[in-house]
Every structure is written in structure tokens, then in C-alpha cells.
Amino acid sequence: MTGFLASSATDQGIRWALNSFRWALNRYWGVILLIVLWHAWVSIKGYNMIVMPPPSAVAHELIVNADKYIGPMWITFLQALIGLAGGMFFGIALAIVMWFSPVAGGLITPMALVLRSVPVVAMIPVLIRSIGFGTTTVVVVTIIITFFPAFVLCATGLRNLPPNSNDLFGVLGAGRLDRLCRLALPAAVPNILVALRLTAPISVLAAIVAQFLMGSNGLGLVIVRGTWNYEMNEAWGAAILSCTLSIVFFIFASSIEQKGRKHWT
Amino acid sequence: MKMSGPMEMWLGTLGMIVFMGAWEILGFTGILGGAFPALTAVVETVIDPVWRDLFLSAFGSTAWSALQGFLLGISLAMLLASATVLIPPLREGIYRFTATMQSIPVISLGPVFIVTLGREITPIAVASIGAAFAMFVGTTSGLSAARVPHHDLLSVLGATRMQRFIRLQLPAALPNIADGMKLAAPASLIGAIIGEWFGAPSGLGLIIVSALLNYQITLLWGAALLATLLSLSAFGVLTIFQRSIERRFQ
Amino acid sequence: MKDNTISYDNISGVPSEVILESVVKDFPLKRSEFVRALEGMELQLEKGEFVALIGPSGCGKSTVLRLLAGLEQATSGIVTIRGRSPVELIAEHSLGVAFQDHALLPWLSVWQNIALPFKVANLPVDRERIRYLLDLVGIAGFDEARPRQLSGGMAMRVSIARALALNPDILLLDEPFGALDAVTRRRLNIEFQGIWERDQVTTLLVTHSVEEAIFLADRVVVMSARPGREQMICDIPFGRPRDRSVPRDPKFFELTNELTAALDVSDAELEEMETIDLKARIGEKGFKT
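Sequence order for the protein chains is A, B and C. So my numbering is basically just the index in the first sequence, starting at one, shifted up by 610. So my numbering is basically just the index in the second sequence, starting at one, shifted up by 2. So my numbering is basically just the index in the third sequence, starting at one, shifted up by 696.
(1) DSSP three-state label for C/Ser774, please.
(2) Would you list the residues sitting across from C/Cys930 in a DSSP beta bridge?
(3) May I have the straight-line CA-CA distance separating C/Ser790 from C/Leu867, to the nearest angstrom?
(4) Could you tell me whether any Cβ in chain B is nearer than 8 Å to the Cβ of A/Met662?
(5) Would you call the stretch 737-755 of chain C and the stretch 793-803 of chain C in contact, with 3 or more CB pairs under 8 Å?
(6) Rounded to whole angstroms, what's the CA-CA distance from A/Gly830 to A/Ala817? Just pull it up for me.
(7) Helix, strand or coil, according to DSSP, for B/Gly75 in the structure here?
(8) On the CB-based measure, 16 or more other CB atoms within 10 Å of its CB, does C/Pro813 come out buried or exposed?
(9) If you run the structure through DSSP and keep just helix, strand and coil, what is A/Gly847?
(10) Grab the span of the alpha helix (DSSP H) containing B/Ile106 for me, first residue to last.
(11) If you pair each beta-carbon of the stretch 867-878 of chain C with each one of the stretch 847-855 of chain C, do three or more pairs fall below 8 Å?
(12) Should the stretch 850-861 of chain A be called in touch with the stretch 683-695 of chain A, which here means at least 3 C-beta pairs below 8 Å?
(13) Would you report the Cα separation of B/Ser157 and B/Ile76, rounded to the nearest angstrom?
(14) By Cβ distance, which residues of its chain are closer than 6 Å to B/Pro125, with the 5 residues on each side in sequence left out?
(15) What residue range does the alpha helix (DSSP H) around B/Glu248 cover?
(16) With a CB to CB cut of under 6 Å and the five nearest residues on each side skipped, what residues in its chain are close to C/Val897?
(17) So, at 8 Å on beta carbons, what are the nonlocal neighbours of A/Asn801 in its own chain, with the 5 sequence-adjacent residues on each side left out?
(18) Identify each residue in the stretch 784-802 of chain C for which the Cβ-Cβ distance to at least one residue of chain A is less than 7 Å, and report them in chain order.
(19) Over the uninterrupted beta strand (DSSP E) stretch that includes C/Pro724, give me the two end residues.
(20) Evaluate contact between the stretch 212-226 of chain B and the stretch 43-62 of chain B, counting only Cβ atoms and requiring at least three cross-stretch pairs below 8 Å.
(21) Using 10 angstroms around the beta-carbon of A/Ala627, count the other beta-carbons present and answer buried if the total reaches 16, otherwise exposed.
(22) Around the C-beta of C/Ser905, are 16 or more other C-beta atoms found within 10 angstroms, so that it is buried, or is it exposed?
(23) So, are the CB atoms of C/Met919 and C/Cys755 less than 8 Å apart?
(24) Please state whether the Cβ-Cβ distance between B/Ser110 and B/Gly205 is less than 8 Å.
(25) Strictly under 8 Å for the Cβ-Cβ distance: is A/Gly769 near chain C by that measure?
(26) Use the C-beta contact count for B/Ile116: other C-beta atoms within 10 angstroms, 16 or more gives buried, fewer gives exposed.
(27) Within 10 angstroms of the Cβ of A/Tyr840, are there 16 or more other Cβ atoms? Answer buried if so, exposed if not.
(28) Counting only Cβ-Cβ distances shorter than 9 Å, please list the residues of the stretch 12-25 of chain B near chain A, keeping chain order.
(29) Please confirm if the stretch 128-148 of chain B is in contact with the stretch 177-186 of chain B, defined as three or more CB-CB distances below 8 Å between the two stretches.
(30) Could you spell out the range, first to last residue, of the beta strand (DSSP E) harbouring C/Thr898?
(31) Ignore the nearest five residues each way along the sequence and tell me which others in C/Pro744's own chain have a CB closer than 7 Å to its CB.
(32) In angstroms with no decimal places, state the Cα-to-Cα distance between A/Gly701 and C/Arg823.
(33) Within 8 Å (strictly less), CB to CB, does A/Leu823 reach chain C?
(34) Using CA coordinates, which residue listed in C/Leu832, C/Ser805, C/Gly837, C/Asn818 is at the minimum distance from C/Arg844?
(35) Using the C-alpha atoms, what's the distance from B/Met80 back to B/Arg149?
(36) Does DSSP classify C/Arg938 as helix, strand or coil?
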């Protein structure tokens with residue numbers, strides 16, 4: 611009897627494993643293919659470690675020398691987080707200013723458009739020279755990059771009011787502050803969450819590019835140092851960690867957005 | 003308070019003038035330090051005969067790389083996006099793939115491309131990746147923009163998947179595709195410049211990095227200014243393109 | 697826009713609660729053209745009276761309501777409620793309004809939505825009043841529900857409860873039942889009649905439905921279009937409270953026919969209205985259907 615039950619449990623276990631495997635394959639075949647191609651390319655071309663390490667070598671480096679990466683990863687995490695928070699804050703603040711005063715909005719908008727068109731890669735060196743090499747610059751860069759989507763999305767969100775709600779507030783005799791706090795800002799929340807989801811992964815990448823150019827600290831430093839010292843394992847290891855951090859930020863922001871959407875609309 | 007069109011324009015121009023004036027004053031008085039030059043100083047450097055040719059050739063070089071990258075990238079993106087619609091089993095995988103690729107810091111791909119593709123092609127390759135990301139999102143959302151009643155119509159008419167794609171989904175996607183192109187342009191410029199950082203023979207990215215390291219402030223700002231102008235004009239051209247598409251297809 | 701002439705249209709000599717007199721309303725289009733929505737509009741409501749305003753599409757009945765709600769200003773003419781302008785009443789928070797779109801805030805619960813007028817008026821939230829209203833409109837127990845969880849009919853009830861929250865002097869209803877299906881609409885009409893009976897607030901109802909107007913109102917005013925003005929006034933003979941038997945009364949049928957006929961426009965007029973409409977849409981850039 612027990613033998614029979616036990617085998618049915620293993621059956622279920624096996625079926626679950628197969629199903630998960632099939633699910634993972636369905637979703638991640640692209641990524642897996644990429645890794646396989648990477649390995650194949652290195653093998654076929656016979657690249658040695660200096661040029662392009664195979665995935666196995668990178669994985670090895672990350673596991674064996676994990677402690678080398680934890681510090682930089684933590685620094686990058688903090689810088690990206692503060693930059694993200696700062697960017698969202700200033701973006702929302704400016705959108706609110708624009709809401710209060712269309713005149714200010716008319717003055718600011720074209721400038722904002724021009725500043726947005728300054729390529730990130732040109733802005734960062736300029737900021738490096740103006741502010742200096744260091745953490746502050748990284749955070750400032752990240753703030754500037756995350757600022758624009760937050761600003762634009764919040765500004766549109768403040769105007770996307772539920773139908774007739776503006777009239778309702780008119781009849782209720784609401785003042786401007788009431789209109790902002792009770793109607794416009796809550797109405798803008800879904801858009802703000804979208805901005806969060808869009809800018810979260812970018813904040814990590816922005817921080818890393820800034821670190822890369824400055825050679826200051828964080829994963830960007832590891833990448834640039836590894837590249838110059840021909841320690842490609844390090845460079846690639848750090849790159850993969852940045853990738854992972856970016857994805858983690860994205861997943862976090864995405865789930866916040868979904869929870870918020872469910873609760874708010 | 004609604005603002006009329008002309009009033010907006012006046013305010014906008016006023017804003018720009020204030021901005022440029024502030025820049026000039028801040029740079030001239032040196033309040034923000036030596037690394038913040040006046041607007042006039044930057045412009046002088048760019049048109050200075052000593053530097054002018056350098057800037058001109060760099061501008062052309064970067065613009066050309068960006069353009070090639072742009073065209074390559076948007077084609078790639080549209081192909082991939084079409085695949086998600088035409089071959090449904092591939093859809094999930096392609097999405098995950100692009101999401102992953104998007105989070106790889108482009109700067110770490112630099113060394114790879116230098117080795118495998120060479121110094122000249124790298125800017126184009128990086129530009130195409132930037133453009134492809136921007137375009138992919140726009141195209142996929144555009145391809146699902148056709149409304150259900152229209153889909154139902156095509157079903158009843160007995161359309162094949164390809165016919166549905168060509169007659170309904172693609173036309174319905176054009177506004178979003180135009181929007182994606184508008185975003186892909188600056189992205190390809192950024193990609194081109196990043197690609198140039200890894201040892202391109204010429205280009206604005208090269209000037210930027212070398213001016214940064216050699217503390218040549220006005221050169222740095224000059225290159226940044228030209229890059230901004232390039233970005234703005236590309237954005238402007240594509241915005242006009244987008245408006246005309248919208249008018250036709252909505 | 698203060699004018700001290702008082703209308704003595706009724707026998708008792710007391711001025712009407714709500715007065716529209718010689719009201720003209722123009723809306724600007726692009727290129728300094730305008731469309732005249734109302735011309736020579738006259739309307740009076742007595743205290744505690746329920747008046748329904750019906751008319752063909754685009755005749756300006758919603759504009760009348762918006763003038764009374766203080767959301768628009770008349771180009772010329774008199775618009776007063778109790779001798780004061782709507783804007784003043786807004787400042788005193790004594791206007792109640794319900795729109796066709798229930799305009800419930802999606803991030804607030806039912807209770808919080810009804811409490812909103814208190815908060816905006818900086819008054820302490822009267823919990824007793826809210827409980828009373830929830831009971832009155834028949835949604836007791838749904839305090840914590842979110843608008844997205846409610847059916848169209850329930851959302852409308854909340855909207856009405858909110859309109860009554862501060863004991864308004866006047867209740868303005870802009871096709872509140874318009875988005876509901878016919879069955880729910882009829883049911884809500886009957887219920888609303890009962891609700892209104894309790895306090896008998898001076899009410900103006902704008903509606904497309906002749907039956908609804910006749911069932912609910914003391915008086916029905918028919919408007920004509922382009923430009924809008926009142927065309928015909930009809931007293932409703934039925935006593936209150938009204939129940940399901942009223943629509944089956946032959947007199948009800950007669951009134952329905954009479955009013956529907958008044959609403960009909962000739963083919964020529966219809967064509968002219970549509971041409972004006974089309975011109976307005978092409979002239980107004982960015983006009984969205």
C-alpha cells in the first residue's frame with residue numbers, strides 16, 4: 611500500500627518538475643540560447659580569456675570571488691536607489707508647479723525639452739567636470755535621468771481626471787489645494803507608478819555608466835578596471851551583476867505598480 | 003486655465019531666452035567654477051577655425067553611424083516584434099530575451115564588439131541596439147492596438163494570419179511605430195557615442211572622452227552642444243513624420 | 697451678474713427659488729466665431745419643486761444645468777438661486793449635483809466618496825448623516841466597497857447620496873440614469889421618487905427620457921434647439937407618492953405622446969441642425985467625438 615502511495619507522490623513530483631521545466635523553457639529559451647551561443651562563439655573562435663571569456667569562466671569568477679563584488683554592488687544599489695528617489699521627487703514636484711501655474715509651465719517646458727535632448731553620454735562628462743569625480747556626481751546623473759519620465763508622466767496624470775470629477779469639485783466649491791490633493795494627485799498615482807517602473811532599471815544603468823566614466827566606485831569601476839587590466843572575467847562578472855541588479859529593480863517597481871493599480875483604480 | 007497657441011509660443015521663446023541668458027551670466031561670472039563656461043565661449047570654440055573642421059568631421063561621423071544604427075535597429079525591432087505576432091509560440095521567449103538584453107549595460111558590450119566587429123562598426127552596432135529597444139516596445143504595443151471589433155471583422159471575413167497582420171495590425175500600429183521611431187533616434191545617437199568611446203577613429207564621442215580627460219572644458223561643452231543639436235533635429239524631423247502619420251491614420 | 701428685478705410669476709408673490717431670465721449663452725469656437733447655445737432662455741423653479749428639462753440632442757439643456765451649477769457663466773441674462781448667483785452658493789457648499797458619469801473617485805471607498813463634500817467644505821464628517829444616506833439610497837453595508845466593484849445602478853445611488861450629503865438647497869441632475877439599462881433605470885426611477893419624497897429638495901432633472909421626466913417631475917419643460925430656449929411647459933397632474941401604477945395610467949400615455957411630439961423636429965430642421973453641428977466640429981480643431 612505505502613509503496614503505491616509513495617510512487618504516486620514521486621509521479622506528481624516528476625510531473626511538476628517537467629511542467630516547470632517546460633514553462634521555463636518557453637519563457638527563457640531566448641536567454642538560454644544567448645548563453646549557449648556565447649559559449650559556442652568563444653569556443654569556435656578560440657578566444658582566450660583576455661578577449662572574451664566563456665560563460666563558465668565568468669560564473670566561476672563570480673562564485674569564487676563573490677566578496678569582491680558585494681561591496682561595489684551595494685554601493686551601486688544605494689546610488690541608484692537615491693538617484694531614483696530623487697528623480698521621482700523632483701519630477702513630481704515640477705509637475706505640481708506646472709499644474710499650479712500654466713505660465714511657469716509655458717516657460718519651463720521648452721527648456722525641459724532641450725535638456726531632455728542632451729544625450730546622456732554628453733551630459734555625464736559635463737557633470738563630471740562641473741561637480742567632480744565621486745558619488746555625488748553619480749547620484750546627480752541618476753537623478754537627472756530619472757527626472758524626465760517622472761515629470762512628463764506625472765504632468766499628464768495630473769490632467770487625466772475621472773470623467774466629470776473636475777466639474778464635481780467645481781460644484782463642491784473646492785479650492786486649488788483641495789483640487790490638487792484630493793483629485794489631481796490621486797488621479798496621477800497610476801502614471802507615477804508607471805514612471806517608477808520605467809525609470810527603475812534605467813537608474814541602475816545610469817549609475818553604472820557614470821561610475822564607468824569616472825572610475826569612482828561601484829560596479830562601473832569594476833567593469834572599467836577589469837577592461838583595462840584585461841581581467842575580462844571581472845569585467846563580465848560585474849556586467850552580469852549589473853544586469854541582475856537592473857532586473858531586480860525592475861521586478862520590484864513592476865510589482866509595486868501592479869499592486870498600486872489594483873488598489874487605486 | 004487654458005493657454006492659447008501663440009501665448010504658449012511666446013512664453014516658450016521667453017523661457018529659452020531666459021535660459022540662454024542665465025547660462026551666459028553664470029558662465030561669464032564663473033560662479034559655478036571653471037568647468038562651467040559661458041555660452042558664447044562654447045560657441046566661439048566650435049566655430050574657431052582651429053577646431054571647426056574637427057567638429058565638422060566628428061559631427062558627420064557620429065551622425066552617419068547613428069543613422070546606420072538607427073535604420074538597422076528599427077528594422078531588427080520591427081522584425082522581432084512582427085515575429086511575436088506572427089509566430090505566437092515564440093512570443094514569451096522573445097519578450098524575455100529583449101527584457102534581458104535591455105538590462106545588459108551597453109558599456110560592457112563595448113569590448114565584445116570591438117573585438118568581434120572592429121572599431122568602425124562598434125558605434126553602429128551599439129546604436130542599433132539602443133534604437134532596437136526603443137522601437138521594440140513601440141512596435142509591439144502598436145501591433146496590439148487594433149480594436150476587437152476590427153479583429154472580429156477580419157475573422158468573419160476569413161482572413162489568414164498574414165492577411166490580418168498586413169491589413170489590420172500593421173496599419174493600426176503605425177502611430178505607435180512612428181512614436182517608437184521618435185524615441186529610437188536619440189537612443190541611436192547615444193549608442194553611437196558610447197560605441198565611439200571604445201576607440202573609434204573619429205566622432206563626437208571621441209572628442210567628449212578626450213576633452214574630459216584632458217580638461218578641455220570648452221571642447222567638451224562644444225561636443226555636447228553639437229550632440230544636443232543633432233539629437234534635437236533628429237527628434238524634430240521624426241516628430242513631423244509622426245504628426246503626418248497620425249493625421250493620416252487616425 | 698446681479699439684477700434686483702424679482703419675478704412675481706406665482707400667486708403667493710414670493711420670488712421663485714430658481715430663476716433664469718433672458719439667458720443667452722455663447723460658446724467661442726476657434727477664429728473668433730461662436731455658437732449660440734441658449735437664447736432668451738426662461739425657467740423658474742419654486743421651492744420644493746421637481747422640474748424636468750427635456751429636449752432634442754444639443755438643445756442646450758445640459759448648458760442650463762451647468763449655468764445653475766456655476767460651471768459656466770451666462771453671456772447675458774439672469775441666473776439666480778434664492779436671489780444669489782450660483783457661485784455664491786458654491787462657496788456656501790449648498791449645491792448638490794449628480795452627473796451621468798457617476799464621477800465617483802476610484803481610489804476612495806463608498807463611504808469616503810459620500811464624505812467628500814464634508815471634507816471639501818472643511819466641515820466635520822457627519823457620520824450619522826452618511827449612515828442615513830446609505831440607508832436612504834439602499835446601499836447600506838457597502839461602506840467599504842470600491843467604485844469598480846459596484847454595478848452601474850449602485851454607483852448611481854452613491855452619486856445621489858453624495859449629492860444630498862450637505863443638505864443642498866438645490867439638486868441638479870444631469871441625465872443621472874442615462875448610462876443604465878432600461879430595466880435598472882425604471883427601477884431606480886421608482887426608488888428615486890421615494891428618496892426625493894423624504895426631503896423634497898428643489899430639483900432640476902435634465903433627461904432624454906420623456907417617461908422618466910413625466911414620472912418624476914411636477915413640471916416638465918420642453919426645450920427647442922439651436923438656439924436653445926424653452927418651448928413648452930407641462931404640468932404633471934399625478935399626485936405623490938407615485939408608484940408603478942402611474943405609468944399605466946391613460947393620462948400618462950397621453951402626456952408621453954404629447955411631449956414626444958413636441959420633441960420631434962421636422963426633417964428640414966434636423967438637416968439644418970446636423971449641418972451646424974458638422975461645421976462646428978470641423979471648425980473646432982481637435983474636437984473629439
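Backbone N, C-alpha and C define an ideal beta-carbon position, used for all residues, glycine too.
Concretely, from the data shown:
(1) Ser is not the amino acid found at residue 774 of chain C; the sequence shown has Ile there. Strand, per DSSP.
(2) C/Val916
(3) 9 Å
(4) yes
(5) no
(6) 8 Å
(7) helix
(8) buried
(9) helix
(10) That residue, B/Ile106, is in no alpha helix (DSSP H); it is neither H nor E in DSSP.
(11) yes
(12) yes
(13) 30 Å
(14) Ser67, Ala194, Gly197, Glu198, Ala202
(15) 219-251
(16) Leu867
(17) Leu763, Cys764, Thr766, Gly767, Asn770
(18) Ile786, Ala787, His789, Leu791, Val793, Phe795, Asp797, Ala799, Leu801, Pro802
(19) 714-724
(20) yes
(21) exposed
(22) buried
(23) yes
(24) no
(25) Here residue 769 of chain A is Arg; the residue named in the question, Gly, does not match the sequence. Not closer than 8 Å to any Cβ of chain C, the Cβ of A/Arg769 fails to qualify, so no.
(26) buried
(27) exposed
(28) Trp12, Leu13, Gly14, Thr15, Leu16, Gly17, Met18, Val20, Phe21
(29) yes
(30) 898-902
(31) Inspection of the sequence shows that residue 744 of chain C is occupied by Gly rather than by Pro. So the list reads Gln896, Thr898, once near-sequence residues are dropped.
(32) 38 Å
(33) no
(34) C/Ser805
(35) 20 Å
(36) coil
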